[in-house]
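Everything in the sequence shown is counted per the numbering used here, starting at 93 for the first residue and increasing by one. Glycine included, each C-beta is placed from N, C-alpha and C at the ideal position.
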Amino acid sequence: MKLAIVTAYPPSKVTLTEYGYHLVKHFRLQDQVTELVLICDKTEGEKDLAFTENGCKITVKECWSFNSYGNIFSVNKALNQTKPDAVLFNLQFLKFGDKKIPAALGLLLPAICKFKGIPTISLLHNILEQVDLESAGFTENKVLQKIYNFIGTTLTRFVLASDVVAVTISKYVTILEKKYKAKNIALIPHGAFETPPTPTYDLPAGPKQVMAFGKFGTYKKVEVLIEAVELIRKRTQEDIEIVIAGTDSPNTPGYLDSMKEKYNTVPQIRFTGYVAEEDVEKIFKDSAVVVFPYTSTTGSSGVLHQAGSYGNAVALPDLGDLSILVKEEGYRGEFFDADNTGSLADAIQNIITNDTYRRSLGHTNYTAACSLPMSTIAAMYLDHFNTIIEKKSPVPKFQEEQA
C-alpha cells in the first residue's frame, strides 16, 4: 500500500507535530505499507527521517503552510502527483491555521479526497463540542463563541465525509453519532509513542525536576505551575527545579518570553525551548513529576502517553477529556483543581515527598502505555483502510451474474 499522511512534521512547530512523527515511524514498519507519502508543512530545517532504512520508501512533499489560503490547492496537487492508495489526515480544528478561512479551507480536504475516490481516514484529535472556547483561548465573546460553534459544526460535517473518522476517546464517538447521525466513526486510541525498556524509576542526583511539556500560552499556562512550586518551597525543604519544556503555541507568540520576564527572580527555573525528538526521552526520565497546567482540554493528550512510556508520575487537572482518558486507558495521577495554585502544590508535593508513591504511579502509567503501543494503533488504521478498499473494489462481473 502507498499511504499518504497529511500532517505537520518535525521540525515544524505546528500542532500535532509529534504525533505525525510517530505515525510515520510506526507505519513504515508495517509489512503492508510499501511507501509513505509525507504531505507536510514547509519548514526551514531538515525533516527528521533518520529511520528511512527499514525498507519502506518515504516520499516527502512539503506543500502547505500554517495560515496559508492556498493549502487546499497545494495539498490536492501533491495528492494528484503522488497518487496514493489511501490517505490519513492527522487533524484538529486549528491544524491548518488559527485564522478562520485558512483553518476552514484545510478541513475541506478530507471531503475532496473522498470525492476523488481515495480511501480516506481522518484522525480527529478534538471535537468542538468538547472544547471550552474561552478557557482554551479561542474567544471570550459569547456571540463569537456561537459563531465558532456554528462554523465548527459545519466543518465537522465536511470532515465526516471521510470514509472513516477516527477519534481517541469513547465520548467523542457518542457525541458524533448522536448529533450528526454519523455511521462512520471509529474509536482508535491515541497510543503510546514509545515503549522503552522497563524504567528504573530512579531520579538523577540534584534537584527534583518538576516538568511541563508542550506548546504554551492558550490553555496551557505556566503561571500556576511556577507559583505552586514556590508555595512548596515555602512549605518544605525540597530542592526543586522547574522545567518548562517546549515553545509558544502558534496562537500566542511571545508568551514564554513574557513568563521569563515576569518570573525572572524565581530561582531554579529552566525554559528549554524546542525539544528535539532525540532529547525527549532524557527530559522525561530526568523528571520527578510531569505536570499538566491546563485550564481546558482539547482532546487526547500526547504528553500523558509520553509520560507513561517513560514511567513518570503525573499531576493533572480534573478536567473533561483528561479525566476520561485516565479512566479509560488505566493511567493514574494526582488530580488538582485547574487554576488553583494551592491544589496543584498539594498534588506535586504528594508525589515528590513520597518516593514509594511516585514510583507506584510511574509503574502504573508505564504499564498503561505499554498496553497500547503505536505499532498496534498503526495496524488498527490499516485494518480500517483494508475494509474501505474492499468495499470500494468493484464486484467481478461473474459474481454479479451469480447474484
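Beta-bridge annotation (DSSP): MET303 is paired with VAL335 and VAL382. Going by DSSP, CYS148 is part of no alpha helix (DSSP H) at all; its letter is neither H nor E. The DSSP-derived three-state label of ASN446 is coil.
GLU136 counts as exposed, since fewer than 16 other beta carbons sit within 10 angstroms of its beta carbon. In the DSSP assignment, PHE207 falls outside any beta strand (DSSP E) and within the unbroken alpha helix (DSSP H) covering 201-208.
Of all C-beta pairs linking the segment 155-173 to the segment 201-218, three or more are shorter than 8 Å, placing the two stretches in contact. Counting the other Cβ atoms within 10 Å of the Cβ of SER254 gives 16 or more, which makes it buried.
Contact annotation, TYR161 with ASP140: C-beta distance approximately 28 Å; criterion of less than 8 Å not satisfied.
A direct Cα-Cα distance of roughly 50 Å separates ILE164 from ILE324. Residue pairing by DSSP places ASP438 opposite no residue, since no beta bridge is assigned to it. Beta-bridge annotation (DSSP): GLY365 is paired with ALA337. DSSP lists VAL179 as the beta-bridge partner residues of THR212. Taking a C-beta distance under 8 Å as the contact criterion, ILE416 and ILE219 do not qualify as a contact pair. Here DSSP, grouped into helix, strand and coil, assigns PHE185 to coil. Where GLU482 is concerned, the enclosing alpha helix (DSSP H) starts and stops at 466-484. One Cα belongs to TYR311, the other to SER341, and the distance between them is close to 9 Å. Closest in alpha carbon position to GLY306, among MET93, GLY394 and LEU252, is GLY394. Between GLU330 and ARG120, the alpha-carbon positions lie close to 45 Å from each other.
DSSP places ILE164 inside the alpha helix (DSSP H), whose first and last residues are 163-174. The alpha-carbon of GLU269 is positioned some 35 Å away from that of ASN404. One alpha carbon belongs to GLN441, the other to LEU414, and they sit about 21 Å apart. PHE384 is positioned such that its CB atom lies no closer than 8 Å to that of ALA368. Secondary structure of ILE131 (DSSP, three-state): strand. Inside the segment 237-316, DSSP marks whole beta strand (DSSP E) runs of 3 or more residues at positions 256-259, 277-279 and 300-308, from first to last along the chain.
Here the alpha carbons of THR107 and ALA196 stand approximately 16 Å from one another. Around the C-beta of SER350, fewer than 16 other C-beta atoms lie within 10 Å, and the residue is accordingly described as exposed. A Cβ-Cβ contact shorter than 8 Å links PRO291 with GLY454.
Pairing LYS191 with TRP156, the inter-Cα distance amounts to about 15 Å. Distance check between LYS149 and each of ILE193, LEU180, THR344 and MET93 places MET93 closest, using alpha-carbon atoms only.
DSSP places LEU95 in the strand class (E or B) of the three-state scheme. Of TYR272, ALA274, LYS263 and LYS273, the smallest CA-CA separation from PRO281 is found for LYS263. In this model, PHE188 and LEU128 are separated by some 21 Å (Cα to Cα).
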